[in-house]
Amino acid sequence: MKTDNLKIFIDKMAQENERKINAEKRKKHFQEIGRKGGLKMKIEPQLSKVISFRLSVLEYEESLEKARKFNLKLSTYSRMIHLGKELKINEFRIDEILLKYLNNSKKITNLMRHREWNMFENKKEILAKIETTNDLMYQYLYSKMNERNKQ
Numbered sequence: 006m007k008t009d010n011l012k013i014f015i016d017k018m019a020q021e022n023e024r025k026i027n028a029e030k031r032k033k034h035f036q037e038i039g040r041k042g043g044l045k046m047k048i049e050p051q052l053s054k055v056i057s058f059r060l061s062v063l064e065y066e067e068s069l070e071k072a073r074k075f076n077l078k079l080s081t082y083s084r085m086i087h088l089g090k091e092l093k094i095n096e097f098r099i100d101e102i103l104l105k106y107l108n109n110s111k112k113i114t115n116l117m118r119h120r121e122w123n124m125f126e127n128k129k130e131i132l133a134k135i136e137t138t139n140d141l142m143y144q145y146l147y148s149k150m151n152e153r154n155k156q
């Protein structure tokens, strides 16, 4: 009888101790991610300095139009131009177009493989050329992606 009570007491104490440890871990976790339990604080420095400049009405409208074209706010677009980062936006556009071409050529190769295309005598040559261009496009895109990740 006494051994059973002792076992039960030890089990309860172990469970209570485990609950305390879990509560401390949870508390430390939420302290790490922020006071309110939200996202982690940004490590990058906040944009705190202000540069102001004047534009003519025509210049303002042109820059506003270009910002809308790239789906950016005017301040973000102006900052990117000032820092010389506008070219990177255009690079993403080129990559998007290249991805569309890649997807379309994949569809063409799948159609040629899975359907009867007896009218082409050089079907294997066409497939080989399409696959080599696909490989080149993949290599280009992955090299671009690796360059961006290194920066």
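Under the working numbering, the letters of the sequence shown match residues 6 to 156, in that order. Where a beta carbon is used, it is the ideal one built from N, C-alpha and C, also for glycine. All of these numbers come straight from a predicted model, not from anything done at the bench.
Query: Buried or exposed (CB count within 10 angstroms, at least 16 for buried), Tyr-82; Result: buried
Query: Per-residue DSSP class, three states only, for Arg-59; Result: coil
Query: Rounded separation between Leu-88 and Tyr-65 - CA only; Result: 18 Å
Query: First and last residue of the uninterrupted alpha helix (DSSP H) at Ser-83; Result: 79-87
Query: Cβ distance (whole Å) where Ser-68 is taken to contact Leu-79 below 8 Å; Result: 7 Å
Query: Gln-20, DSSP secondary structure in three states; Result: helix
Query: Beta-carbon proximity of Met-117 to Leu-141, cut-off 7 Å; Result: no
Query: Reduced DSSP secondary structure (H/G/I, E/B, other) of Lys-54; Result: coil
Query: Contacts around Glu-21, its chain only, beta-carbon distance under 8 Å, and the 5 residues preceding and following it disregarded; Result: none
Query: Where Phe-14 sits in the DSSP three-state scheme; Result: helix
Query: Cβ distance (whole Å) where Leu-107 is taken to contact Asn-139 below 8 Å; Result: 6 Å
Query: Proximity of Ile-135 and Thr-114 at Cβ, strictly below 7 Å; Result: yes
Query: Whole-angstrom distance between His-119 and Met-150, CA atom to CA atom; Result: 32 Å
Query: Which of helix, strand or coil DSSP assigns to Asn-108; Result: helix
Query: Contacting residues, own chain, Cβ-Cβ under 6 Å from Lys-111 (five flanking each side not counted); Result: none
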